[in-house]
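Read left to right, the sequence shown gives residues 144 to 443 (the numbering used here).
Notes for the one structure printed next.
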Amino acid sequence: MDKDPLKKYLRDRQAEVDQLLHSYLPGPKCPPPLIHEAIRYSLFAGGKRLRPILCLAAAESVGGRREVVLPFAAAIELVHTYSLVHDDLPAMDNDTYRRGKLTNHKMFGESTAILAGDALLTAAFALMAEKGLAGTISHKKILSVILELGSAAGSTGMVGGQLVDIQSEGKKSIDQDELHYIHTHKTGALIRASVRIGGVLGGASSKKLTALTRYGEKIGLAFQIADDILDVEGEEKEMGKSVGQDQAKEKWTYPRLIGLERAKKEAHVLVEEALGELNGFGPEADPLRGLALYMVERKK
Ligand code: GRG
């Protein structure tokens with residue numbers, strides 16, 4: 144998929160995800176208004192919606208219907224936004240800006256931000272259960288995607304990666320295996336799960352699901368390496384958050400461990416490999432192909 148159709152694809156899918164989230168979540172005046180305002184503040188702050196879009200694109204790549212998958216894709220964005228709100232807290236990264244706006248705790252205070260994150264996480268599972276009960280997908284399939292998202296977000300997935308990341312801050316050295324663990328868990332697990340959930344709900348054969356899983360793993364790692372690179376080379380204004388934070392916090396990143404040029408090469412090799420995983424797919428997988436390239440070429 145060349146750049147312009149991909150742009151349109153991203154815009155259209157983003158609008159679908161946003162519309163579902165707007166209509167599903169309690170309005171900003173629903174009691175207690177403060178929590179709903181805080182949830183909506185971070186959720187509608189202009190995120191790229193990459194994870195739900197990957198989920199929808201994966202479903203389409205195997206002939207699945209987008210509208211059936213949409214609530215599950217939106218649930219992934221709820222989990223992602225919770226992770227960002229908590230990651231920005233003083234006890235974690237202590238960040239001031241996110242998505243071009245003040246972070247949730249800077250705007251609403253720390254206790255409200257913690258609760259907004261908690262509510263976003265729990266809303267994801269309520270959304271999947273509610274739409275699963277009302278829809279036509281088998282309950283076994285619904286439970287399997289709930290399990291997929293729960294495991295990817297939990298202590299053996301994103302939370303585990305976040306913990307090891309925090310532990311590695313300020314260390315004099317770490318090896319590539321440890322950094323690989325951090326990246327594939329903190330960031331990669333949710334991206335892998337997004338693609339797999341789309342594949343499962345879209346009705347992928349086991350062969351295609353294996354290919355999609357490998358694609359998800361490779362672009363997940365490539366995405367985090369690109370994020371490391373953007374923290375060195377990105378434009379603060381375009382990214383909507385402060386850059387140079389990894390170095391300031393003595394975080395371990397690919398550019399720090401293997402150098403900027405090798406990190407760039409590594410990200411591109413991963414994208415090529417991810418594209419190779421889609422060789423057995425037809426033009427229905429073009430959005431996934433475009434997204435793989437976008438992961439490393441993005442400016443924000
Ligand atoms: C707090 C349990 C817990 C986990 C936090 C996601 C995460 C784990 C930390 C975020 C730190 C960070 C900046 C990681 C880099 C990769 C990443 C997740 C970037 C943000 O994702 P984008 O670029 O953001 O998709 P938008 O705002 O577009 O959704």
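Note that beta-carbon positions come from the ideal geometry of N, C-alpha and C, so glycine has one too.
Cβ-Cβ distance between residue i and residue j below 8 Å
i      : j      : result
SER337 : LEU197 : yes
VAL288 : ALA217 : no
ALA201 : GLY341 : yes
LEU227 : SER294 : no
ALA267 : LEU221 : yes
PRO233 : HIS223 : no
LEU149 : TYR437 : yes
LEU421 : ALA354 : yes
HIS411 : VAL386 : no
GLY345 : GLY433 : no
CA nearest to the CA of residue i, picked from the options
i      : options                           : result
SER254 : GLU440, LEU177, GLY363 and ASP155 : LEU177
GLU416 : ARG208, GLU360, GLY207 and ALA347 : GLU360
ALA277 : THR396, ALA435, PHE215 and ASP318 : PHE215
ILE372 : TYR358, ARG357 and GLN388         : GLN388
VAL414 : LYS394, PHE366, ASP429 and LYS314 : PHE366
GLU273 : ILE285, ALA262, LEU263 and LEU264 : ILE285
GLU409 : THR353, LYS351 and HIS323         : HIS323
ALA269 : LEU403, LEU292 and VAL386         : LEU292
VAL296 : THR327, PRO398 and ARG242         : Per the sequence shown, residue 296 should be read as Ala rather than Val. Checking every option, the nearest Cα to that of ALA296 belongs to THR327.
LYS442 : ARG194, ASP374, HIS229 and ARG399 : ASP374
GLU180 : ALA391, LEU344, ALA256 and LEU431 : ALA256
MET271 : LEU258, GLY260 and LEU290         : LEU290
ARG241 : GLU379, PRO426 and THR299         : GLU379
ASP244 : LEU258, ARG183 and MET235         : Checking the sequence, you will find Lys at residue 244 rather than Asp. Closest option to LYS244, Cα to Cα, is ARG183.
Euclidean distance between Cα positions of residue i and residue j
i      : j      : result
LYS329 : MET301 : 4 Å
ASP370 : TYR167 : 30 Å
GLY363 : ILE280 : 27 Å
GLU312 : LYS151 : 39 Å
LEU164 : PRO174 : 18 Å
GLY383 : THR239 : 11 Å
PHE424 : SER204 : 7 Å
LYS172 : ALA262 : 16 Å
ASP320 : GLY331 : 14 Å
ARG192 : GLN157 : 6 Å
LYS351 : ASP429 : 15 Å
TYR225 : GLY419 : 33 Å
GLY102 : VAL343 : In the structure displayed, the chain extends from 144 to 443; residue 102 sits before or after that span and is not available.
VAL211 : GLU376 : 39 Å
ARG357 : ARG335 : 8 Å
ARG194 : ILE219 : 7 Å
ILE309 : PRO426 : 41 Å
GLU404 : HIS282 : 47 Å
ASP318 : GLY252 : 37 Å
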